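J.: Numbered according to this note's numbering, the sequence shown terminates at residue 537, and the numbering increases by one at each position without gaps.
We put the CB at the ideal spot given by N, CA and C, even for glycine.
Just so we're clear, the structure is a prediction, and the values are computed from it rather than from any experiment.
Provided herewith is a single structure, encoded as structure tokens, for subsequent inquiry.
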Amino acid sequence: MKLIYEKSQPGRRASAIPHFDGLPAAEVPEELRRTEPPRLPEVPEFELVRHITELSTRNFGIDNGFYPLGSCTMKYNPRVNERLVALPGFASLHPLQDEDGVQGALDLEWRLQEILAEVTGLDAVSLQPAAGSQGELTGLMLVRAYFEERGESEQRRKVVIPDTAHGTNPASVTMAGYEVTPVKTDARGNIDVDDLRTKVDEHTAALMLTNPSTLGLFDENIEEIQKIFHGVGALMYYDGANLNAVCGISRPGDMGFDIVHINLHKTFSQPHGGGGPGGGPIAVRDILEPYLPVPAVVRNEDGSFGLDFDRPKSIGKVRAFTGPFGVFVRSYAYIRAYGPRLREMSETAVLNANYVLARLKDAYELPYDRLCMHEFVLSARNLKRDYGVTALDVAKRLMDYGYHPPTIYFPLVVPEALMIEPTETETKETLDAFCDAMLAIAKEAAEQPELLKQAPHNRPVRRLDEVRAAKHPVVKYGFEQHPQPDADPHPIAIEAPKGA
Ligand SMILES: *Cc1c(COP(=O)(O)O)cnc(C)c1O
38 MKLIYEKSQP
48 GRRASAIPHF
58 DGLPAAEVPE
68 ELRRTEPPRL
78 PEVPEFELVR
88 HITELSTRNF
98 GIDNGFYPLG
108 SCTMKYNPRV
118 NERLVALPGF
128 ASLHPLQDED
138 GVQGALDLEW
148 RLQEILAEVT
158 GLDAVSLQPA
168 AGSQGELTGL
178 MLVRAYFEER
188 GESEQRRKVV
198 IPDTAHGTNP
208 ASVTMAGYEV
218 TPVKTDARGN
228 IDVDDLRTKV
238 DEHTAALMLT
248 NPSTLGLFDE
258 NIEEIQKIFH
268 GVGALMYYDG
278 ANLNAVCGIS
288 RPGDMGFDIV
298 HINLHKTFSQ
308 PHGGGGPGGG
318 PIAVRDILEP
328 YLPVPAVVRN
338 EDGSFGLDFD
348 RPKSIGKVRA
358 FTGPFGVFVR
368 SYAYIRAYGP
378 RLREMSETAV
388 LNANYVLARL
398 KDAYELPYDR
408 LCMHEFVLSA
418 RNLKRDYGVT
428 ALDVAKRLMD
438 YGYHPPTIYF
448 PLVVPEALMI
458 EPTETETKET
468 LDAFCDAMLA
478 IAKEAAEQPE
488 LLKQAPHNRP
498 VRRLDEVRAA
508 KHPVVKYGFE
518 QHPQPDADPH
528 PIAIEAPKGA
């Protein structure tokens with residue numbers, strides 16, 4: 038397939054909007070003006086549509102089929118969300134409009150904040166962070182502001198993170214200027230409390246925990262863990278990227294957590310995984326509210342809505358304006374579609390995961406044999422030992438069966454990990470067909486392992502050379518630079534290992 042630049046011919050245009058002479062020319066300061074026009078592809082509209090449509094047939098998304106990418110919560114995105122977000126009152130908003138012209142938008146943001154406070158069991162919410170990882174960083178900045186005011190910021194330098202954590206957790210801790218204290222996972226998949234006790238003291242600023250963990254397991258000792266941290270005056274941070282497991286069932290605030298981030302794009306539907314922006318609001322206990330980012334979306338005494346910039350202790354802004362507004366509309370719509378039955382969303386997600394787990398656990402190894410929450414982690418260790426077939430081979434072969442592979446080799450504590458998250462939006466027929474494929478692959482591993490090692494066989498691209506992709510990333514199409522003789526003339530974008 039040709040690149041769009043290779044189809045370009047000078048003078049061709051994809052739009053035929055009449056030229057309007059009445060407008061004054063925009064005054065761009067001299068130093069910002071281009072000396073030559075940007076090098077854009079020049080193609081007629083139908084060529085552009087064909088090109089993009091052709092590309093879309095080579096991609097895989099939730100609208101193509103089942104996408105059980107663990108930890109990424111690739112649920113179906115209802116089309117009604119898109120209709121709502123396209124309403125002119127939302128779609129044509131400008132962030133610099135006066136407050137009295139955007140009351141509806143502020144009302145929606147305020148309501149979403151209230152819902153998230155209720156769902157997390159906490160007191161105040163900021164919608165500003167644009168992703169889970171940015172929510173983490175924002176939350177840690179609140180931790181720092183809190184201890185600075187108490188005069189303990191020099192003393193408290195450490196943040197405790199279990200070895201099952203999502204990679205963004207240690208990254209955020211380091212970015213926020215803290216030291217990571219790793220803690221082990223015990224034989225049941227919980228935090229190892231004995232290990233924990235030796236690591237938490239007056240130098241600890243916070244715990245950062247995903248519960249249920251990335252193993253899909255709810256920590257059975259959460260009350261005890263809470264006592265250990267609050268006992269030394271530290272704070273508790275809940276990575277709520279996967280709140281899908283517990284909505285309406287259990288609340289981080291009730292478990293003792295002081296700060297939570299929520300991935301709107303995972304839990305409350307939003308095209309993501311290369312397909313759209315995210316949202317990572319944070320909810321906090323009242324003691325942390327003064328430090329939240331500005332502006333805060335507030336309801337005034339007369340019932341109108343406004344933006345409050347007057348927060349002297351605020352950490353400031355972490356993103357422009359009040360956050361990614363389109364994401365708020367979609368998430369609000371998703372939540373309101375469930376109404377008071379939001380719990381059913383999580384119950385179905387958990388039921389689906391346990392159903393798939395029950396069907397697969399004899400063919401693959403199950404490192405922690407417990408009921409799971411929204412996802413579970415199997416290991417292909419048995420296939421590797423017996424037939425030399427790895428988790429990567431299984432994942433690639435699944436593509437031949439028409440499924441997006443699960444997350445593999447994560448969490449790191451499970452060798453040959455296959456992390457499967459079906460979400461609530463799938464039928465029993467789909468789950469059964471997926472299980473049939475997984476069982477067929479386990480059988481193929483025994484009978485014809487070479488078939489798996491070469492997979493996929495019927496996809497637009499064969500197996501990528503991942504080492505070369507990692508060591509020689511070609512992330513941009515060169516105009517002048519001619520490809521080296523041994524290089525792939527049409528390098529394919531490197532596959533992202535995780536969805537979000
Ligand atoms: C997805 C995820 C994150 C990061 O969220 P982003 O929006 O991708 O930054 C953090 N923690 C967990 C457990 C996740 O699954």
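#1: Between the Cα of L149 and those of L301, L489 and R499, spot the shortest distance and give me the residue it belongs to.
#2: Straight-line CA distance for I445 to L415?
#3: Verify the contact flag: A320, CB atom, against every heavy atom of ligand 1, threshold strictly below 7 Å.
#4: What residues are listed by DSSP as bridge partners for P199?
#5: Using 7 Å as the cut-off, classify the Cβ of N114 as near or not near the heavy atoms of ligand 1, replying yes or no.
#6: State buried or exposed for V237, treating a residue as buried only when at least 16 other CB atoms are found within 10 Å of its CB.
#7: What whole-angstrom Cβ distance do E173 and D295 have, given they're in contact under 8 Å?
#8: Less than 8 Å between C-beta atoms, sequence neighbours within five positions excluded: which residues of the same chain meet that for Y183?
#9: Kindly provide the ranges of any beta strand (DSSP E) runs that are 3 or more residues long and lie completely inside the segment 242 to 307, ordered along the chain.
#10: Do K354 and P330 have their CB atoms nearer than 8 Å?
#11: Nearest-angstrom Cα distance between V156 and V230?
#12: Using the three-state DSSP reduction, which class does E151 fall into: helix, strand or coil?
#13: Can you name the start and end residues of the beta strand (DSSP E) that G343 belongs to?
#14: CA-CA distance, M456 and P443?
#15: DSSP three-state call for R336: helix, strand or coil?
#16: With a threshold of 6 Å on Cβ separation, who are the neighbours of V366 within its own chain once the five nearest residues in sequence on each side are excluded?
#17: Helix, strand or coil: which one does DSSP assign to S163?
#18: I'd like to know if the segment 410 to 426 and the segment 383 to 401 are in contact, where contact means that at least 3 CB-CB pairs between them fall below 8 Å.
#19: For the alpha helix (DSSP H) that I478 lies in, which residues bound it at each end?
#20: Quick one: any contact between the segment 371 to 379 and the segment 397 to 406, if contact means 3 or more CB pairs under 8 Å?
#21: Beta-carbon within less than 8 Å of R500's beta-carbon, same chain only, minus the 5 sequence neighbours each way: which residues are those?
#22: What residue ranges within the segment 425 to 452 form continuous alpha helix (DSSP H) runs of no fewer than 4 residues, ordered along the chain?
#23: Can you give me the Cβ contacts of R356 inside the same chain, cut-off strictly under 6 Å, excluding the 5 residues immediately before and after it?
#24: Could you tell me if the beta carbon of H203 falls within a distance shorter than 7 Å of some heavy atom in ligand 1?
#25: Determine which residues share a DSSP beta bridge with L415 and list them.
#26: State buried or exposed for G253, treating a residue as buried only when at least 16 other CB atoms are found within 10 Å of its CB.
#27: Taking the alpha helix (DSSP H) that V504 falls in, what are its first and last residues?
#28: Please report the distance separating the alpha-carbon of R61 from that of I99.
#29: Below 7 Å, is the gap between the Cβ of T427 and the nearest heavy atom of ligand 1?
#30: If you measure from the CB of N281, is any heavy atom of ligand 1 nearer than 7 Å?
#31: For the beta strand (DSSP E) that A357 lies in, which residues bound it at each end?
#32: How about P199 and I228: are their beta carbons less than 8 Å apart?
#33: What three-state label does DSSP hand A320 in the structure shown?
#34: Starting from N389, follow the alpha helix (DSSP H) in both directions and report where the run begins and ends.
#35: Does DSSP put I228 in a helix, in a strand, or in coil?
#36: Nearest CA to the CA of L85: which residue from L40, F103 and Y104?
T.: Checking against the coordinates, here is how it stands:
#1: If you number the sequence shown from 1, residue 149 lands on position 112. Comparing Cα-Cα distances from L149 to each of L301, L489 and R499, the minimum goes to L301.
#2: Translated into the one-based positions of the sequence shown, residue 445 becomes position 408. Translated into the one-based positions of the sequence shown, residue 415 becomes position 378. Between the C-alpha atoms of I445 and L415 there is a straight-line separation of about 10 Å.
#3: Position 283 of the sequence shown, counted from the start, is the residue given in the question as residue 320. Result no, Cβ not under 7 Å from ligand 1.
#4: Taking the first residue of the sequence shown as position 1, residue 199 is located at position 162. Answer by DSSP bridge pairing, in chain order: V220.
#5: Counted from its first residue, the sequence shown places residue 114 at position 77. It does not: the Cβ of N114 is nowhere closer than 7 Å to a heavy atom of ligand 1.
#6: The residue you call residue 237 lines up with position 200 of the sequence shown. Taking every protein chain shown into account, the CB of V237 has 16 or more other CB atoms within 10 angstroms, so this residue is buried.
#7: Locating residue 173 in the sequence shown gives position 136, counting from the first residue. Locating residue 295 in the sequence shown gives position 258, counting from the first residue. Contact between E173 and D295 does not hold, since the beta-carbon distance rounds to 14 Å and is not under 8 Å.
#8: As a position in the sequence shown, residue 183 is number 146, starting the count at 1. Contacts found: L272, I324, L325 and Y328.
#9: You should have 272 to 277 and 296 to 299.
#10: What you label residue 354 is simply residue 317 of the sequence shown in a count that begins at 1. What you label residue 330 is simply residue 293 of the sequence shown in a count that begins at 1. Contact flag set, yes.
#11: Position 119 of the sequence shown, counting from 1, holds the residue named residue 156. Position 193 of the sequence shown, counting from 1, holds the residue named residue 230. Spanning the two alpha carbons is a distance of roughly 27 Å.
#12: Here residue 151 is taken as the residue at index 114 of the sequence shown, counted from 1. In the structure shown, E151 falls within a helical segment according to DSSP collapsed to helix, strand and coil.
#13: Position 306 of the sequence shown, counted from the first residue, corresponds to residue 343. Per DSSP, G343 belongs to the beta strand (DSSP E) from F342 to D345.
#14: Here the question's residue 456 lines up with position 419 in the sequence shown. Here the question's residue 443 lines up with position 406 in the sequence shown. In this structure, the alpha-carbon of M456 lies about 6 Å from that of P443.
#15: The residue labelled residue 336 in the question sits at position 299 within the sequence shown. The three-state secondary structure of R336, taken from DSSP, is strand.
#16: Position 329 of the sequence shown, counting from 1, holds the residue named residue 366. Excluding positions up to five away in sequence, the list reads L121, V122 and F127.
#17: Taking the sequence shown and counting its residues from 1, the one referred to as residue 163 is at position 126. Residue state, collapsed to three classes: strand.
#18: Touching, yes, given that three or more Cβ pairs across the two stretches are closer than 8 Å.
#19: Counting from one through the sequence shown, the residue named residue 478 turns up at place 441. Residue range K465 to E484 is occupied by the alpha helix (DSSP H) that includes I478.
#20: Contact annotation: the segment 371 to 379 does not touch the segment 397 to 406, with fewer than three C-beta pairs closer than 8 Å.
#21: Here residue 500 refers to the residue found at position 463 of the sequence shown. Cβ within range, chain order: K433, Q491, A492 and P493.
#22: Considered as a whole, the segment 425 to 452 harbours 428 to 437 as its complete alpha helix (DSSP H) runs of no fewer than 4 residues, in chain order.
#23: The residue you call residue 356 lines up with position 319 of the sequence shown. Excluding positions up to five away in sequence, the list reads Q165 and A167.
#24: Numbered from its first residue, the sequence shown carries residue 203 at position 166. At least one heavy atom of ligand 1 is nearer than 7 Å to the Cβ of H203, so yes.
#25: Start at 1 with the first residue of the sequence shown, and residue 415 comes out as number 378. Paired residue(s): L455.
#26: Position 216 of the sequence shown, counting from 1, holds the residue named residue 253. Under this definition G253 is a buried residue.
#27: By 1-based counting over the sequence shown, the position of residue 504 is 467. It spans E503 to K508 - the alpha helix (DSSP H) in which V504 sits, taken as one unbroken run.
#28: For this step, residue 61 is matched to residue 24 along the sequence shown. For this step, residue 99 is matched to residue 62 along the sequence shown. In the sequence as presented, Arg is not what sits at residue 61; that position holds Pro. Going by the C-alpha atoms only, they are around 45 Å apart.
#29: As a working note, residue 427 is residue 390 in the sequence shown. Result no, Cβ not under 7 Å from ligand 1.
#30: Along the sequence shown, one-based indexing puts residue 281 at 244. Answer for N281: no, Cβ out of range of ligand 1.
#31: The residue given as residue 357 occupies position 320 in the sequence shown. Per DSSP, A357 belongs to no beta strand (DSSP E) and is neither H nor E.
#32: One-based indexing of the sequence shown puts residue 199 at position 162. One-based indexing of the sequence shown puts residue 228 at position 191. In this structure, I228 lies closer than 8 Å to P199 by Cβ.
#33: Along the sequence shown, one-based indexing puts residue 320 at 283. It is a strand residue.
#34: Along the sequence shown, read from residue 1 onward, the residue named residue 389 stands at position 352. Segment L379 to L397, the alpha helix (DSSP H) holding N389.
#35: Start at 1 with the first residue of the sequence shown, and residue 228 comes out as number 191. If DSSP states are grouped into helix, strand and coil, I228 belongs with the strands.
#36: Locating residue 85 in the sequence shown gives position 48, where the first residue counts as 1. By alpha-carbon distance to L85, the top candidate from L40, F103 and Y104 is L40.
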